[in-house]
Amino acid sequence: MFFRTGISIFSIPKEKRNRPAPANERYSVNVSEEKRETARAEVGLCADCRFMRLIESDRGSAFYLCGLSATDARFPKYPRLPVLRCAGYKQLPADRESNSSAN
C-alpha cells in the first residue's frame, strides 16, 4: 500500500497560495555589524553583495546564492567561498546596511 507524506497544495488555503512571503520570511537576511564583519572574513564579498541571497536548509546549513547566476552564466549559482574578487559585486545600498545594523 502506498502512503503519501508531506504537505499537499490543497492543505494550504487558496488565498495563501502563490503569495510573496512577508519581508521577515524572505531569504535575504539582516545582520548586525559584528556578524557582518565575521561573515565578510568567512564569505568574502558575498557577505554584503546586493545580489547574494542566503539560503538556509531545514538541517541548518547555509548557502550563498548568487542572484546574477540566473541571468549571466559567468557567475556560479553557489560560488566557492570566500569570494575575494567578483566582476558582478555591488555593495548593498546604504539604507539596507543601516537597517540591518539596527537589528
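When we follow our numbering, the leftmost residue of the sequence shown carries the number 3, and every step to the right adds one. Positions of the beta carbon are idealized from the N, C-alpha and C atoms, including for glycine. Because the structure is a prediction, the values reported are computed rather than measured.
Taking the DSSP output, what are the residues bridged to residue 51?
-> Indexing the sequence shown from 1 puts residue 51 at position 49. DSSP, once it has assigned bridges, lists 93 as partnering residue 51.
Go to residue 64, then tell me how far its beta strand (DSSP E) extends in each direction, as first and last residue.
-> By 1-based counting over the sequence shown, the position of residue 64 is 62. Here the beta strand (DSSP E) through residue 64 covers 64-68.
Taking all protein chains shown into account, decide if residue 72 is buried (16 or more other Cβ within 10 angstroms of its Cβ) or exposed.
-> Position 70 of the sequence shown, counted from the first residue, corresponds to residue 72. The residue in question, residue 72, is exposed, as its Cβ has fewer than 16 Cβ neighbours within 10 Å.
Going by the CB atoms, is the gap between residue 84 and residue 68 shorter than 8 Å?
-> Position 66 of the sequence shown, counting from 1, holds the residue named residue 68. Position 82 of the sequence shown, counting from 1, holds the residue named residue 84. Not closer than 8 Å, so no.
Identify every residue that forms a DSSP beta bridge with residue 56.
-> Residue mapping note: residue 56 aligns to position 54 of the sequence shown, counting from 1. Answer by DSSP bridge pairing, in chain order: 66.
With 16 other CB atoms within 10 Å as the buried threshold, where does residue 60 fall?
-> Working through the sequence shown from its first residue, we reach residue 60 at position 58. With fewer than 16 Cβ atoms within 10 Å of its Cβ, residue 60 is classed as exposed.
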